[in-house]
């Protein structure tokens, strides 16, 4: 099922409250109690003193039915101008193990890259939650800064460890990283965008695919690319083309040009044979394979799956409704549970106000 990202506001308090109720370990881990009525509004509004309200982004991860399945609370240009602090990253407990935490995190990173002034990411994990959430953040490249602070909330008395990582070059450092999901920002002030140019570290600027029938071809590509984490972009007034962007800034175009010749692609003719894209895990690869046919993809070389490309190469091959071939490449061996991008049972835990200089609703970090 494709997921989208949109900015959450106080009008979404009921949806966030429902998310918290489906993820009761959050309040238990960070407050020592069950979910309270005011928790959702605090998440949506709390920010450090003197911080501009527009510097607080709460990005919601929504499923195909519009249900909020996760959120990421970010304060930009705080506590230093080139730093962004992730105050909370929470994924619906009923959806653990599907990589949604990584998907949501990388969506936020794509937005932060577009800001242009962010160079460092900062977060914190409460010690009582470290066993469940620490591995998630380590997998994403966060490392201890050596800074800790006392933490106190509800019945919890603990400490908070501040983690950090660089924003730039993250996509190239993680070969199987997922990029952002589709972005639908409903704020009047618009805020962050995905940008228009490829990042300096991107090896490919863009690929442009031509289609004889955009209406027939687009659904297959939109499902596949957004499932992989590419961000869908809408270009106002351009009804004959679509764009999906990767977190490194590169993008794929699908266009119905009036100059298209023929009705189908022929991969055996001179020119490009196929597109190869990364998938984070073998489980994700198999999940896509299981659902692909209903979204317009025809599997190729099925008798040799997943090693049609060789015994040490795990991949799935398919063609779109017009014959354009795609190869999805996964790690050859399934990752260990400690490497999971969305660890089961991890909970979110906020950083203490004393550690961050802000209200207690900030600094929630954890997982997914």
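Residue numbers (my numbering): 8 to 375. Each residue gets a CB set at the ideal place from its N, CA and C atoms; glycine is no exception. Note that the structure is predicted; figures quoted are calculated from it, not measured.
Quiz item: Nearest to residue 78 by CA position, among 98, 155 and 244, is which residue?
Solution: The shortest C-alpha separation from residue 78 is found at 98.
Quiz item: Under the DSSP definition of a beta bridge, which residues are partnered with residue 132?
Solution: Residue 132 is bridged to 168.
Quiz item: Anyone know if the C-beta pair for residue 239 and residue 230 falls short of 8 Å?
Solution: Remark: C-beta atoms of residue 239 and residue 230 do not approach each other more closely than 8 Å.
Practice problem: With residue 258 as the anchor, note down where its beta strand (DSSP E) starts and where it stops. | Solution: 258-262 is the extent of the beta strand (DSSP E) around residue 258.
Practice problem: Give me whichever residues DSSP pairs with residue 379 in a beta bridge. | Solution: There is no way to answer for residue 379, as the model of the chain reaches only from 8 to 375.
Self-check item: Opening and closing residue of the beta strand (DSSP E) in which residue 238 lies
Solution: For residue 238, the enclosing beta strand (DSSP E) stretches over residues 238-240.
Quiz item: Mapping DSSP to helix, strand and coil, what is residue 233?
Solution: In the three-state reduction of the DSSP assignment, residue 233 falls in the helix class, which pools H, G and I.
Practice problem: Output the distance between the C-alpha atoms of residue 20 and residue 47, rounded to the nearest integer angstrom. | Solution: The alpha-carbon separation between residue 20 and residue 47 amounts to approximately 5 Å.
Self-check item: Burial state of residue 73, where buried means 16 or more other Cβ atoms lie within 10 Å
Solution: Classification of residue 73: exposed, given that the 10 Å Cβ count is below 16.
Practice problem: For the region 122-141 and the region 55-63, state whether three or more C-beta atom pairs, one from each stretch, are separated by less than 8 Å. | Solution: The region 122-141 is not in contact with the region 55-63.
Exercise. May I ask you to list the residues that DSSP assigns as paired with residue 324?
Key: Per DSSP, 307 and 334.
Exercise. Determine the contact status of residue 334 and residue 272, defining contact as a CB-CB distance below 8 Å.
Key: In this structure, residue 272 does not lie closer than 8 Å to residue 334 by Cβ.
Quiz item: Roughly how far, in whole angstroms, is the beta-carbon of residue 161 from the beta-carbon of residue 39, given that I think they are within contact range, below 8 Å?
Solution: Going by Cβ atoms, the distance from residue 161 to residue 39 rounds to 4 Å, so yes, they are a contact pair.
Exercise. Would you list the residues sitting across from residue 90 in a DSSP beta bridge?
Key: BP columns for residue 90 point to 127.
Exercise. Assign residue 313 to one of two classes, buried (16 or more other C-beta atoms within 10 Å of its C-beta) or exposed (fewer than that).
Key: When all chains shown are included, residue 313 counts as buried.
Quiz item: Hey, out of 50, 224 and 33, whose CA is closest to residue 14's CA?
Solution: Among 50, 224 and 33, the Cα nearest to that of residue 14 is on 50.
Self-check item: Under 8 Å between C-beta atoms of residue 10 and residue 80
Solution: No, the pair does not count as a contact, with Cβ atoms beyond the cut-off.
Quiz item: Can residue 217 and residue 267 be called in contact, C-beta distance under 8 Å?
Solution: In this structure, residue 217 sits near residue 267, with a CB-CB distance shorter than 8 Å.
Quiz item: Is DSSP giving residue 37 helix, strand or coil here?
Solution: Residue 37: helix per DSSP, three-state reduction.
Quiz item: In its own chain, which residues sit with a C-beta less than 6 Å from the C-beta of residue 189, not counting the 5 before and 5 after it?
Solution: Bear in mind that the predicted position of residue 189 carries a pLDDT of just 38, short of 50, making it too unreliable to give a figure here.
Exercise. Tell whether a beta-carbon distance below 8 Å holds between residue 120 and residue 174.
Key: In this structure, residue 174 lies closer than 8 Å to residue 120 by Cβ.
Self-check item: residue 181, DSSP secondary structure in three states
Solution: Low per-residue confidence applies at residue 181: pLDDT is 34, beneath 50, and the placement is therefore not dependable, though the value from the model is reported in the following sentence. Three-state DSSP puts residue 181 in coil, outside helix and strand.
Self-check item: Residues that residue 81 bridges to, as DSSP identifies them
Solution: According to DSSP, residue 81 bridges with 64 and 93.
Self-check item: Which residues DSSP lists as bridging residue 282, in chain order
Solution: The partner list for residue 282 (beta bridge, DSSP) reads 333.
Quiz item: Buried or exposed: which applies to residue 66, given that a residue is buried once 16 or more other Cβ atoms fall within 10 Å of its Cβ?
Solution: It counts as buried.
Quiz item: What is the C-beta distance between residue 321 and residue 337, in whole angstroms, given that I count them as a contact (C-beta under 8 Å)?
Solution: Beta-carbon to beta-carbon, residue 321 and residue 337 are separated by about 5 Å, close enough to satisfy the 8 Å threshold.
Quiz prompt | Inter-residue spacing [alpha-carbon to alpha-carbon] between residue 309 and residue 324 | solution = Approximately 8 Å, taken between the alpha carbons.
Quiz item: With 8 Å set as the bound, which would you pick, yes or no: does the beta-carbon of residue 165 sit closer than that to a beta-carbon of chain C?
Solution: Although the question refers to chain C, the structure presented lacks it and comprises just one protein chain.
Quiz item: Considering only the beta carbon of each residue, do residue 41 and residue 100 sit closer than 8 Å?
Solution: In this structure, residue 41 lies away from residue 100, with their beta-carbon atoms at least 8 Å apart.
Quiz prompt | Contact under 8 Å by Cβ, residue 148 with residue 219 | solution = Taking 8 Å as the Cβ cut-off, residue 148 and residue 219 do not qualify as a contacting pair.
Quiz item: Which value, in whole angstroms, describes the spacing of the CA atoms of residue 26 and residue 210?
Solution: Inter-residue distance for residue 26 and residue 210 is about 38 Å (C-alpha atoms, whole angstroms).
Quiz prompt | Cβ-based burial, residue 225 [other Cβ within 10 Å; buried from 16] | solution = By the neighbour-count criterion, in which a residue is buried when 16 or more other Cβ atoms sit within 10 angstroms of its Cβ, residue 225 is buried.
Quiz prompt | Endpoints, alpha helix (DSSP H) assigned at residue 298 | solution = In the DSSP assignment, residue 298 falls within the alpha helix (DSSP H) that extends over 289-299.
Quiz item: Whose C-alpha, out of 94, 215 and 93, is nearest the C-alpha of residue 257?
Solution: When C-alpha distances from residue 257 are compared across 94, 215 and 93, the shortest belongs to 215.
Quiz item: So residue 2 and residue 116 are in contact, right, with Cβ under 8 Å, and what is the actual spacing, rounded?
Solution: Missing from the structure shown is residue 2; the chain here goes from 8 to 375 and no further.
Exercise. My understanding is that residue 54 touches residue 82, with C-beta atoms under 8 Å, so please give their C-beta distance in whole angstroms.
Key: With a contact defined as Cβ atoms closer than 8 Å, residue 54 and residue 82 qualify at about 6 Å.
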